[in-house]
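Residue numbers for the sequence shown follow our numbering, so the first one is 2 and each next one is one higher.
To start, the structure itself, in structure tokens.
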Amino acid sequence: MDYMKIREICETLEISRRALQGYEKAGLVTTTGRNKYGHLFYDDTAKLRITPIKFYQQLGFTIKEITVIIDASSIVINAALEQKVEKLRQEKEEINDLIDRVNQMIDRLTNENSRKKELEKLD
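Spelled out as structure tokens, the structure:
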């Protein structure tokens, strides 16, 4: 089994030291131990556990929510993911509506500027 120091696991999994400490504080990840210099070590189990934690965070789950679903049954995880997908779809729809409104405003402003230039030519 390979053991990794904090720096190594953070670099490998592209997480910050602070994030890792937050996972530990929430009880999501535990250290394997310390060496004689006091450096914390993590094993493959911690590494495998951090990957889904990171994914759930990217989806917008809070640490508290992750502590509930990380060890839950596949039925519970599936339900949580389905709810998240629905929420993301709603957010996507809201963003698309905003984009449409901004594009309409850009079109109006562009047309308004074109009219002003045409009127200036008449003067």
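Backbone N, C-alpha and C fix where the C-beta goes; we use that ideal spot for every residue, glycine too.
Values in this document were obtained by computation on a predicted structure and should not be read as measured data.
(request) Pull up the DSSP beta-bridge partners for M5, would you. (result) Translated into the one-based positions of the sequence shown, residue 5 becomes position 4. Its beta-bridge partners are Y43.
(request) Starting from L60, trace the alpha helix (DSSP H) both ways and give me its first and last residue. (result) Residue 60 sits at position 59 when you count from the first residue of the sequence shown. Following the DSSP letters along the chain, one finds L60 in no alpha helix (DSSP H), marked with neither H nor E.
(message) By alpha-carbon positions, which one of S75, Q22, G61 and T13 ends up nearest to L89?
(response) On the sequence shown, position 88 is the one that residue 89 refers to. Closest by alpha carbon: G61.
(request) Run the CB neighbour count on M5, radius 10 Å, all protein chains shown included, and call it buried at 16 or more, exposed below. (result) Position 4 of the sequence shown holds residue 5. Buried.
(request) Provide the residue span of the alpha helix (DSSP H) that contains I107, from first to last. (result) On the sequence shown, residue 107 is found 106 positions in, with the first residue counted as 1. DSSP places I107 in the uninterrupted alpha helix (DSSP H) bounded by S75 to L123.
(message) Looking at the secondary structure, which residues open and close the alpha helix (DSSP H) in which L21 lies?
(response) Position 20 of the sequence shown, counted from the start, is the residue given in the question as residue 21. Where L21 is concerned, the enclosing alpha helix (DSSP H) stretches over R18 to K26.
(request) Name, in chain order, the residues that DSSP records as bridge partners for R35. (result) In the sequence shown, the residue the question calls residue 35 occupies position 34. Looking at the DSSP assignment, R35 forms a beta bridge with L41.
(request) Express the C-alpha separation of R35 and R50 in angstroms, rounding to a whole number. (result) Taking the sequence shown and counting its residues from 1, the one referred to as residue 50 is at position 49. Taking the sequence shown and counting its residues from 1, the one referred to as residue 35 is at position 34. Straight-line Cα distance between these residues: approximately 19 Å.
(request) Give every residue of the same chain whose Cβ lies closer than 7 Å to the Cβ of R18, excluding the five residues on either side of it in the sequence, and list them in chain order. (result) Here residue 18 is taken as the residue at index 17 of the sequence shown, counted from 1. Excluding positions up to five away in sequence, the list reads I7 and C11.
(message) Since T31 and A20 should fall inside the 8 Å C-beta cutoff, what is the C-beta to C-beta distance between them, to a whole number of angstroms?
(response) Walking along the sequence shown from the start, residue 31 turns up at place 30. Walking along the sequence shown from the start, residue 20 turns up at place 19. T31 to A20, Cβ: 15 Å. No contact.
(message) Are the CB atoms of G23 and I64 within a distance shorter than 8 Å?
(response) By one-based count along the sequence shown, residue 64 stands at place 63. By one-based count along the sequence shown, residue 23 stands at place 22. Yes.
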